[in-house]
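Single-structure report; data block below.
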Amino acid sequence: GEDREKQNKEFQMTVTDQRQTQKLLKAALTVLEDFYGKAGKPATAFSQQEPVGPPPPAGFEAYKKNAASGGVMGMIQQIISDAKAMEGEAIRSEEDAQKAYEDFVKGTNASIESKSKDIVNKSEEKAQAEGALVEAQEAKEAAVTELEQLANYKAELHQSCDFILKNFNLRQTARDEEVEALKQAKAILSGAKFDSFLQSS
């Protein structure tokens, strides 16, 4: 932005200088045209009078208007044309520079807007990812807790099963004895003689 302002100030100065140059040269050209233009007009009675004073000394010619004045006026006209051309070129350059600057600003603004949208989208994605991470960590902690509970339950079951396996024979024997005692009680209750029962067994 600052470079563009500097370029614009330089452009304003250039155009002002060229316009002032043209104005001054046109004024000078008008004066010269007025002065040298009279040379071609018919002489008036006043201008035909003899010059006052002695004639010019030997070696000096009588005063005449310079015949080469057309060359000077042509050169001034060329400088005016050059100044106009330079003014036009400066205006075109300024218009091109301004357009390039406006295009640059539009492109930059579009890029900033796009990047801002990307930042918003990335922020939303980050927030969603962080939320998903928190949920995943909570789910992991719950799963670990559940695994620990299952491991404890498995250990308890294993102890119970080990106890049952270790004491199976004792319990089997005790149960057989209980069954035998029940049979004896049943026989007694049904009136059979205990001695015969013992013999049969």
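Note that my numbering gives residue 777 to position 25 of the sequence shown, counting from 1, and the numbers run on in steps of one. Every residue gets a Cβ at the ideal spot worked out from N, C-alpha and C, and that includes glycine. It should be emphasised that the depicted structure is a prediction, and the values quoted were computed from it without experimental measurement.
- Minimum Cα-Cα distance from E785 among the listed residues I828, E762, L934 and D769 corresponds to I828.
- DSSP places N919 in the coil class of the three-state scheme, outside both helix and strand.
- Annotation: the region 812-900 contains no complete segment of the alpha helix (DSSP H) (minimum length 4 residues).
- Q770 counts as buried, since no fewer than 16 other beta carbons sit within 10 angstroms of its beta carbon.
- A779 has its alpha-carbon roughly 24 angstroms from the corresponding atom of F763.
- Annotation: the continuous alpha helix (DSSP H) that includes G789 extends over E754 to G789.
- With 16 or more other Cβ atoms inside 10 Å of its own Cβ, A835 counts as buried.
- With a threshold of 16 other beta carbon atoms within 10 Å, L777 meets it and is buried.
- For the 8 angstroms CB-CB criterion, T766 and A842 form a contact.
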